[in-house]
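Following the numbering used here, the numbering of the sequence shown begins with 7 at its first residue and continues without gaps.
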Amino acid sequence: MMLSFGSRKQLLSSSNWSNVALNGSMGSYSPFPDEVPSALCWIAEMMSTYHGSGAKHSPSIPSCFQSIPCVSPASEPAIGVKSDPGNTRALPSDPEREELKGALIAAQEAAATQILLEVCLPFEKEQVSDNDLNALREVRCQVCSVLHQMFIADPGLAKLVHFQGYPSELLAVTVAGIPSMHICLDFIPELLGQPQLSKQIFAIQLTSQLCLQFALPKSLSVARLAVNFMSTLLSVLSGVRWVEFYNATTPCLANICTAFPPMYDDSTSLLIQIGRIAHSRLASTGKRPHLVLSSHCSMAQKHLLEGVSVSKDTSQDQALIALVEGTFASIVKNASFTRGVA
Numbered sequence: 007m008m009l010s011f012g013s014r015k016q017l018l019s020s021s022n023w024s025n026v027a028l029n030g031s032m033g034s035y036s037p038f039p040d041e042v043p044s045a046l047c048w049i050a051e052m053m054s055t056y057h058g059s060g061a062k063h064s065p066s067i068p069s070c071f072q073s074i075p076c077v078s079p080a081s082e083p084a085i086g087v088k089s090d091p092g093n094t095r096a097l098p099s100d101p102e103r104e105e106l107k108g109a110l111i112a113a114q115e116a117a118a119t120q121i122l123l124e125v126c127l128p129f130e131k132e133q134v135s136d137n138d139l140n141a142l143r144e145v146r147c148q149v150c151s152v153l154h155q156m157f158i159a160d161p162g163l164a165k166l167v168h169f170q171g172y173p174s175e176l177l178a179v180t181v182a183g184i185p186s187m188h189i190c191l192d193f194i195p196e197l198l199g200q201p202q203l204s205k206q207i208f209a210i211q212l213t214s215q216l217c218l219q220f221a222l223p224k225s226l227s228v229a230r231l232a233v234n235f236m237s238t239l240l241s242v243l244s245g246v247r248w249v250e251f252y253n254a255t256t257p258c259l260a261n262i263c264t265a266f267p268p269m270y271d272d273s274t275s276l277l278i279q280i281g282r283i284a285h286s287r288l289a290s291t292g293k294r295p296h297l298v299l300s301s302h303c304s305m306a307q308k309h310l311l312e313g314v315s316v317s318k319d320t321s322q323d324q325a326l327i328a329l330v331e332g333t334f335a336s337i338v339k340n341a342s343f344t345r346g347v348a
């Protein structure tokens with residue numbers, strides 16, 4: 007479900023939203039309510055205005071929630087439904103009911119959180135107009151305020167949302183705007199241990215942002231774990247998966263070194279290994295790299311470091327070599343600046 011541009015402005019002017027953002031409270035929100043979570047009901051009521059007075063569904067549950075089985079009107083009374091006397095199936099025990107209810111609530115809260123995160127994504131129009139960018143910034147601030155309250159009330163929700171994942175371009179927004187994001191440091195090792203490559207990439211990108219925002223001893227330990235994990239995968243991954251992983255995670259080393267200068271040695275050693283392997287992979291195809299590893303960063307490499315794609319005829323290995331060189335130059339520049347200030 008993607009909200010229209012007008013919906014974002016309507017969201018910004020919502021009275022319920024403003025009250026939550028200004029008061030810093032979610033009212034009667036509790037992580038373990040008896041029925042549908044009040045936070046979800048609040049979001050549903052707020053978003054029901056997007057569908058107008060002619061909406062087909064109940065105002066308390068807009069159509070964007072109808073596709074979620076656990077939030078559909080048919081599932082509302084499922085917890086309190088009475089058993090049929092003619093039904094001989096064994097009813098779940100009280101502990102099982104509580105476990106099922108907890109799973110239902112967690113799914114509803116996670117769905118609501120994902121919708122709020124989606125609101126923070128920019129539209130094409132907002133990438134052009136400064137006024138629209140200001141509205142986007144204000145919406146992001148209010149979303150982060152609400153998510154902070156939700157994560158404080160139920161830290162397990164933060165873990166569930168980050169294990170599900172969300173667009174990596176929002177990591178800088180959530181880490182900087184949600185003060186309670188430091189709790190993610192507790193489960194990053196578990197997230198790194200997931201078998202999905204996308205989750206491993208997301209964990210390292212999250213680590214780099216957390217290191218910039220929270221320069222704590224615990225962050226340093228997690229950063230060391232992330233760098234060691236990247237070193238381990240040098241000989242584990244192969245083919246497209248190898249290039250995909252290091253294209254996504256190599257820039258994270260610059261953030262880690264900026265936050266923790268003691269990580270310079272490990273990070274630069276890892277960059278050299280990545281560059282050598284990328285050179286070898288490229289040489290095995292009979293091609294010569296267009297770039298040579300050095301301490302200087304060309305304009306093309308700067309664009310790469312900023313996320314701008316290279317030309318279409320440039321292979322992924324060549325792009326990775328340029329990315330390694332750009333990251334290395336960024337680390338050297340930050341180290342020189344830090345030494346000059348000191």
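Cβ coordinates follow ideal geometry from the N, Cα and C atoms, glycine included.
- Separation of the CB atoms of Ile207 and Thr255 is rounded to 6 Å, and the pair is thereby assigned contact status at 8 Å.
- Around the beta carbon of Ala229, 16 or more other beta carbons lie within 10 angstroms, which makes this residue buried.
- Residues Phe157, Ile189 of the same chain have their beta carbon placed closer than 6 Å to that of Ala164, with the five preceding and five following residues left out of the count.
- The segment 192-199 makes no contact with the segment 238-248: fewer than 3 CB pairs, one atom from each, lie closer than 8 Å.
- Per DSSP, Val242 is not a residue of any alpha helix (DSSP H), being assigned neither H nor E.
- The C-alpha of Ile283 lies about 53 Å from the C-alpha of Pro101.
- Of Arg247, Leu239, Leu177, Ser237, the smallest CA-CA separation from Ser214 is found for Leu177.
- In the structure shown, Gly281 falls within a helical segment according to DSSP collapsed to helix, strand and coil.
- Closest by C-alpha distance to Cys217, out of Pro128, Leu326, Asn261, is Asn261.
- CA-to-CA, the gap between Asn140 and Gln114 works out to about 30 Å.
- Secondary structure of Gly199 (DSSP, three-state): coil.
- Judged by DSSP secondary structure, His168 falls within the alpha helix (DSSP H) whose first and last residues are 161-170.
- Relative to Ser186, the option among Gln170, Gln219, Ser174, Ala209 whose CA is nearest is Gln219.
- Per DSSP, reduced to three states, the secondary structure at Pro223 is helical.
- In this structure, Val330 sits near Gly281, with a CB-CB distance shorter than 7 Å.
- Minimum Cα-Cα distance from Arg247 among the listed residues Leu122, Asp323, Ala117, Pro161 corresponds to Asp323.
- A Cβ-Cβ contact shorter than 7 Å links Phe235 with Leu198.
- In terms of Cα proximity to Leu277, the closest of Gly332, Lys224, Leu288 is Gly332.
- The beta-carbon separation of Gly108 and Cys147, rounded to 31 Å, does not stay under the 8 Å limit for a contact.
- Note that the C-beta distance between Ala116 and Leu166 is below 7 Å.
- By the 16-neighbour rule on beta-carbons within 10 angstroms, Ser336 is buried.
- Around the beta carbon of Asp272, a 10 Å sphere encloses 16 or more other beta carbons of the protein chains shown; the residue is thus reported as buried.
- The DSSP-derived three-state label of Cys126 is coil.
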